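Read through the structure below, which is laid out as structure tokens, and then see the notes.
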Amino acid sequence: DKAIDAFRDSKPDVVLLDVMLPGKDGIEICRQIRAESGVPIIMLTARTDTVDVVLALETGADDYVMKPFKAKELVARIRARIRRFEPETVEMLNIGDLVIDVAGHSVRRDGVGIMLTPLEFDLLLCLAKSPRQVFSREALLEQVWGYKHAADTRLVNVHVQRLRSKIEHDPEAPDIVVTVRGVGYKAGGV
346 DKAIDAFRDS KPDVVLLDVM LPGKDGIEIC RQIRAESGVP IIMLTARTDT VDVVLALETG
406 ADDYVMKPFK AKELVARIRA RIRRFEPETV EMLNIGDLVI DVAGHSVRRD GVGIMLTPLE
466 FDLLLCLAKS PRQVFSREAL LEQVWGYKHA ADTRLVNVHV QRLRSKIEHD PEAPDIVVTV
526 RGVGYKAGGV
């Protein structure tokens with residue numbers, strides 16, 4: 346509970362969270378933070394199993410860094426998360442029946458807000474800004490996450506799945522974030 350209290354008191358721009366903490370584990374703390382804030386969360390951990398990575402991302406983490414890590418890479422990831430979290434120029438975009446308010450960092454359908462994490466918002470925004478372009482997973486890693494690691498493409502898949510669960514009428518038959526088989530993703534319903 347000290348971690349949650351510290352989070353509420355300091356209102357950080359980004360959260361670095363170890364999975365293995367005494368008492369409550371980092372996954373549960375991540376879940377609690379995500380329930381009340383869209384602040385970027387980067388998990389730091391010695392756990393390298395794909396199941397752990399997917400669990401952290403599905404719980405609400407925006408990124409997952411395995412120990413040992415290089416300090417420069419961690420700093421670059423932090424900067425990318427903070428940069429993506431800051432509002433951009435004033436504009437409204439449409440994708441399907443969604444309205445994206447870039448400056449307000451919000452998404453609405455029929456006037457009702459849809460809660461997205463900063464990373465989910467950036468992913469949707471990237472696709473919406475270039476509606477006819479098909480983005481490979483590697484291109485999305487570079488543009489949305491701010492780095493390029495082919496081994497991390499599963500991050501894209503997990504976040505697309507989470508995004509679809511929030512914005513699609515039928516996540517099993519998506520028409521807003523469309524898969525282009527063997528290539529990547531593009532905006533649909535334009």
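Residue numbers (the numbering used here): 346 to 535. Heads up, the beta-carbon is just placed ideally off N, CA and C, and yes, glycines get one too. Note that this is a predicted model, so its numbers are computed, not measured.
Apart from the five residues just before and just after residue i, which ones in its own chain have a Cβ nearer than 8 Å to its Cβ?
| i | result |
| --- | --- |
| residue 421 | 491 and 492 |
| residue 502 | 482 |
| residue 536 | Nothing in the structure corresponds to residue 536, since the chain is present only between 346 and 535. |
| residue 412 | 389, 390 and 391 |
So the candidates are the options; which of them puts its Cα closest to the Cα of residue i?
| i | options | result |
| --- | --- | --- |
| residue 394 | 510, 509, 437 and 364 | 364 |
| residue 474 | 414, 371 and 439 | 439 |
| residue 489 | 403, 528, 533 and 424 | 424 |
| residue 442 | 457, 429, 436 and 450 | 457 |
| residue 366 | 506, 388 and 354 | 388 |
| residue 401 | 515, 418 and 378 | 378 |
| residue 428 | 358, 515, 415 and 346 | 358 |
Just the Cα atoms here: how many angstroms apart are residue i and residue j?
| i | j | result |
| --- | --- | --- |
| residue 483 | residue 368 | 37 Å |
| residue 391 | residue 455 | 44 Å |
| residue 481 | residue 376 | 29 Å |
| residue 399 | residue 460 | 20 Å |
| residue 531 | residue 520 | 10 Å |
| residue 513 | residue 478 | 19 Å |
| residue 373 | residue 462 | 17 Å |
| residue 468 | residue 504 | 8 Å |
| residue 410 | residue 419 | 8 Å |
Which class does residue i belong to by DSSP, given the choice of helix, strand or coil?
| i | result |
| --- | --- |
| residue 498 | helix |
| residue 532 | strand |
| residue 389 | strand |
| residue 442 | coil |
| residue 481 | strand |
| residue 462 | coil |
| residue 525 | strand |
| residue 457 | strand |
| residue 472 | helix |
| residue 362 | strand |
| residue 382 | coil |
| residue 447 | coil |
| residue 394 | coil |
| residue 408 | strand |
Apply the 10 Å Cβ neighbour rule to residue i and answer buried if 16 or more other Cβ atoms are within range, or exposed otherwise.
| i | result |
| --- | --- |
| residue 408 | buried |
| residue 465 | buried |
| residue 452 | buried |
| residue 448 | exposed |
| residue 518 | exposed |
| residue 527 | exposed |
| residue 507 | buried |
| residue 353 | exposed |
| residue 406 | buried |
Kindly list the residues whose CB is nearer than 7 Å to the CB of residue i, restricted to its own chain and excluding five residues on each side of it in sequence; keep chain order.
| i | result |
| --- | --- |
| residue 525 | 479 and 531 |
| residue 383 | 462 and 463 |
Tell me which same chain residues have a C-beta within less than 6 Å of the C-beta of residue i, skipping the five on either side of it?
| i | result |
| --- | --- |
| residue 534 | 441, 520 and 521 |
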